[in-house]
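Peer 1: There's a structure below that I have some questions on.
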Amino acid sequence: MNIFRLAGDMTHLASVLVLLLKIHTIKSCAGVSLKTQELYALVFATRYLDIFTDFISLYNTVMKLIFLGSSFSIVWYIRRHKIVRRSYDKDQDTFRHYFLVLPCLLLALVIHEKFTFREVMWAFSLYLEAVAILPQLVLLQRTRNIDNLTGQYVFLLGAYRALYILNWIYRYFTEPHFVHWITWIAGLVQTLLYADFFYYYFESWKNNVKLQLPA
Amino acid sequence: TSESILKDEL
């Protein structure tokens with residue numbers, strides 16, 4: 011484990027905790043896209059199929075359980091919690107799941123490392139993770155007032171992706187035969203999706219004004 | 011092998 015990978019995992023963890031904290035303490039999910047959260051739950055459910063069959067490390071297993079547990083509980087909060095669900099902006103969060111899920115599934119059926127159920131699901135989870143943030147970004151653009159926590163959540167997610175790329179560069183030069191095109195290209199696409207958001211995030215931070223994305 | 015390295019990421 012290198013420092014970039016650890017920092018990446020920690021920012022990923024922080025992003026999830028920020029979101030859970032917001033929902034749990036303020037009892038509000040305003041500005042949070044249920045579509046994106048459901049897609050993440052699907053991403054983790056399909057990627058961590060090996061959780062009980064292949065033991066890598068205690069760290070790995072615990073992190074997987076945290077990401078699975080947190081993503082499903084966020085979905086539960088927005089859908090079922092009697093106070094939180096009232097703040098859900100259903101009319102603004104209109105992105106269609108299948109618009110992202112179907113192309114990713116087709117791509118996974120065509121481009122994968124091995125044609126086995128687990129490998130296809132694993133490739134699918136990578137492709138879906140790359141685009142799962144889109145409903146959230148669209149919602150942010152529509153919501154004129156982005157609260158600090160939602161802004162920080164998206165920022166931390168983007169930082170996690172950027173750190174993973176540094177991790178791959180590091181591993182490429184330090185580990186023999188560390189070449190994973192599927193992971194890298196999907197990861198690069200995912201990180202690029204945050205570029206626009208990052209630009210406005212830093213601008214608002216630099217000028218000390220509230221974050222607003224242009225329509 | 012490449013596969014075992016791959017699966018150690020989250």
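Just so you know, the sequences run in chain order A and B.
Per the numbering used here, the first sequence starts with residue 11, numbered consecutively.
Per the numbering used here, the second sequence starts with residue 11, numbered consecutively.
For every residue, glycine included, the Cβ atom is placed at its ideal position computed from N, Cα and C.
If you're wondering where the values come from, they're calculated on a predicted model, not measured in any experiment.
Whole angstroms is fine: what's the gap from arginine 139 of chain A's alpha carbon to asparagine 218 of chain A's?
Peer 2: The question names arginine, yet the displayed sequence has glutamate at residue 139 of chain A. Their backbone Cα atoms lie some 31 Å apart in a straight line.
Peer 1: Drop a sphere of 10 angstroms on the beta-carbon of valine 141 of chain A, count the other beta-carbons inside from all chains shown, and report buried for 16 or more, exposed for fewer.
Peer 2: Buried, since its Cβ has 16 or more Cβ neighbours within 10 Å.
Peer 1: Roughly how far, in whole angstroms, is the beta-carbon of alanine 196 of chain A from the beta-carbon of leucine 136 of chain A, given that I think they are within contact range, below 8 Å?
Peer 2: Contact flag correct, Cβ pair sits at about 4 Å.
Peer 1: Glutamine 200 of chain A to leucine 119 of chain A, Cα distance in whole Å?
Peer 2: Each residue's Cα considered, the two are about 20 Å apart.
Peer 1: Between the alpha carbons of serine 12 of chain B and lysine 124 of chain A, how many angstroms are there, rounded?
Peer 2: Confidence at serine 12 of chain B is low in this model, with a pLDDT of 48, below 50, so its placement is unreliable and the value that follows should be read with caution. Cα to Cα, serine 12 of chain B sits roughly 13 Å from lysine 124 of chain A.
Peer 1: Using the three-state DSSP reduction, which class does isoleucine 143 of chain A fall into: helix, strand or coil?
Peer 2: Isoleucine 143 of chain A falls in the coil class under three-state DSSP.
Peer 1: DSSP state of threonine 11 of chain B, grouped into three classes?
Peer 2: For threonine 11 of chain B, the predicted model reports a pLDDT of 41, less than 50, meaning its position is unreliable; a value from the coordinates is still stated below. Three-state result, threonine 11 of chain B: coil.
Peer 1: Return the residue from the list A:Val26, A:Phe127 and A:Ile36 that minimises the CA-CA distance to leucine 78 of chain A.
Peer 2: The residue with the shortest Cα to Cα distance from leucine 78 of chain A is A:Val26.
Peer 1: Does isoleucine 195 of chain A get closer than 8 Å to chain B when you measure Cβ to Cβ?
Peer 2: So, not an interface residue.
Peer 1: If we require 4 or more residues per run, which alpha helix (DSSP H) segments fall completely within the segment 104 to 135 of chain A?
Peer 2: Those alpha helix (DSSP H) runs which fall completely within the segment 104 to 135 of chain A and span 4+ residues are 107 to 120.
Peer 1: Going along chain B in order, which residues have a C-beta closer than 9 Å to the C-beta of phenylalanine 77 of chain A?
Peer 2: The answer, in chain order, is Leu20.
Peer 1: According to the neighbour-count rule (16 or more other Cβ atoms, all chains shown, within 10 Å of its Cβ), is arginine 96 of chain A buried or exposed?
Peer 2: Arginine 96 of chain A comes out exposed.
Peer 1: Name the chain B residues that come within less than 7 Å of methionine 131 of chain A, Cβ to Cβ?
Peer 2: Simply none; closest approach about 13 Å.
Peer 1: Could you tell me if aspartate 64 of chain A is buried or exposed, where buried requires 16 or more neighbouring beta carbons within 10 angstroms of its beta carbon?
Peer 2: The residue in question, aspartate 64 of chain A, is exposed, as its Cβ has fewer than 16 Cβ neighbours within 10 Å.
Peer 1: Could you check what DSSP says for aspartate 19 of chain A in three-state terms: helix, strand or coil?
Peer 2: Correct three-state label for aspartate 19 of chain A: helix.
Peer 1: In whole angstroms, what separates the C-alpha of valine 72 of chain A from that of leucine 20 of chain B?
Peer 2: Whole-angstrom Cα-Cα distance: 11 Å.
Peer 1: Within 8 Å of any Cβ in chain B, is that where the Cβ of isoleucine 66 of chain A sits?
Peer 2: Cβ-Cβ to chain B under 8 Å: yes for isoleucine 66 of chain A.
Peer 1: Would you say methionine 226 of chain A lies against chain B (beta-carbon separation less than 8 Å)?
Peer 2: This structure cannot speak to residue 226 of chain A, because chain A is shown only from 11 to 225.
Peer 1: Looking only at C-alpha atoms, which of A:Ile192, A:Thr104 and A:Leu176 sits nearest to arginine 15 of chain A?
Peer 2: Taking only the C-alpha atoms, the option nearest arginine 15 of chain A is A:Leu176.
Peer 1: Classify alanine 172 of chain A as helix, strand or coil using the three-state DSSP reduction.
Peer 2: Residue state, collapsed to three classes: helix.
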